[in-house]
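These notes are about the structure you will find just below.
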Amino acid sequence: MSIEIVPLAKADIPGAVECVQKAFADDPYFRWVFNNPSQFNIQRNAASLAAHFQYGINCGCPISVAKVTRATSDQKTERDIKLSPGSIVGVSWWYSPQAACIPQTWSIWVQEWLLSFRQLLSNIRFLGRGGLNVPRYWIWKQVQQDAHDALWKDPRGYYFCNMVGVSFQARGMGVGKRLMESVMEKADREGMPCYLESSKGHPNIAIYEKMGFELIKEIECAEGGNVCKLYCMIRNPKTKS
Ligand SMILES: CC(C)(COP(=O)(O)OP(=O)(O)OC[C@H]1O[C@@H](n2cnc3c(N)ncnc32)[C@H](O)[C@@H]1OP(=O)(O)O)[C@@H](O)C(=O)NCCC(=O)NCCS
């Protein structure tokens with residue numbers, strides 16, 4: 001099977017949404033923030049993810065997808081059959097570094113308003129947030145902001161891995177690493193650090209350590225006696241010897 005890593009295009013959004021929904025179905029943060037499975041509306045969630053991907057494209061964020069180009073011709077395994085050509089089996093979404101001293105541009109400001117507007121339309125269309133625990137969402141936002149304020153010491157900013165997910169059938173084949181490398185190599189060339197947060201300690205910490213990240217802090221989002229832990233990791237730029 002052959003898989004290529006390409007920038008996310010508008011036409012790829014539905015496939016990317018499906019891939020992310022499946023990859024994060026057992027993610028601790030997802031389960032904490034959508035804590036009532038009977039209220040979870042997968043279509044509402046898909047609309048929200050699609051609006052976010054459109055926002056990411058419009059803002060020029062480095063977003064990549066892993067796309068199956070061809071299945072193996074001989075010896076078809078069960079895995080190959082599920083991964084048909086054209087299907088998206090991985091997604092990575094990064095934010096480019098934003099220096100603390102540079103104010104937000106007006107175009108990003110406009111995109112944020114457009115995203116809020118699309119979310120409002122989705123609220124009307126689906127009659128709510130589709131099971132999102134809104135107080136928990138805002139707790140997470142605040143905890144994340146506090147962590148960035150405390151941990152982001154480099155004034156040039158960080159390449160921030162907002163999400164990376166690989167379809168279950170394609171895991172352990174190097175897809176996640178290739179998705180991450182699409183930005184980590186750029187960061188190395190520019191001498192810039194990278195940052196991520198994972199709510200899954202095992203096996204993700206070991207996976208990211210292999211990519212050069214170091215665990216720097218564990219933070220917690222807590223509400224109603226339920227805690228969601230986040231593992232904050234930084235990768236300093238590698239110089240070729
Ligand atoms: C985390 C994730 C993106 C990794 O993607 P992947 O395609 O499975 O990882 P890769 O095959 O590229 O493996 C990268 C490295 O980690 C190692 N690795 C992979 N799975 C591992 C595991 N379960 N335990 C330890 N190491 C592992 C690989 O051997 C490889 O190391 P190498 O460079 O020395 O060969 C994927 O597991 C995933 O989507 N998980 C669910 C969603 C999620 O948790 N996303 C992260 C949120 S921050």
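Sequential numbering from 1 applies to the sequence shown in UniProt numbering.
The beta-carbon is built from N, C-alpha and C at its ideal position, and this holds for glycine as well.
Quick caveat, the model's predicted, so the values are computed rather than measured.
Spatial neighbours of I234 in its own chain (CB-CB distance under 8 Å, excluding positions within 5 residues in sequence) are listed in chain order as L151, Y158, P193, C194, Y195, F213, E214 and I216. If you look at I42, you'll find it in the alpha helix (DSSP H) that goes I42 to N58. For L121, the closest alpha carbon among the candidates V183, M173 and A47 is that of A47. Your pair L83 and A9 does not check out as a contact, with CB atoms roughly 19 Å apart and the cut at 8 Å. Using a 10 angstroms sphere on the CB of D149, the tally of other CB atoms stays under 16, which defines it as exposed.
Not one heavy atom of ligand 1 is found less than 7 Å from the C-beta of M184. For ligand 1, the residues with a Cβ under 6 Å from any of its heavy atoms are, in chain order, A23, F24, D27, V164, G165, V166, R171, G172, M173, G174, V175, G176, K177, L196, S198, K200, P203, N204, A206, I207 and K210.
Residue M184 holds the alpha-carbon nearest to the alpha-carbon of K210 among Y137, M163, M184 and E220. In the three-state reduction of the DSSP assignment, N36 falls in the coil class, being assigned neither a helical nor a strand state. Counting C-beta pairs closer than 8 Å gives fewer than three between the segment 218-225 and the segment 52-72, which falls short of the contact rule. For R178, same chain residues with a beta-carbon under 6 Å away, outside a window of 5 residues either side, are I5 in chain order.
Taking C-beta separations shorter than 6 Å and ignoring five residues to either side along the sequence, the partners of N35 in its chain run N133, following chain order. With contacts defined as CB atoms closer than 8 Å, M163 and V91 qualify as a contacting pair. Boundaries for M173: no alpha helix (DSSP H) harbours it, and the DSSP string shows neither H nor E there. For V17, the closest alpha carbon among the candidates P28, Q43, Q111 and R31 is that of Q43.
C-alpha of Q98 to C-alpha of P155: approximately 9 Å in a straight line. Apart from sequence neighbours up to five positions away, the residues of its chain that approach I139 with a beta-carbon distance below 7 Å are C221 and E223, ordered along the chain. By the CB criterion at 8 Å, G176 and I205 fall outside the cutoff.
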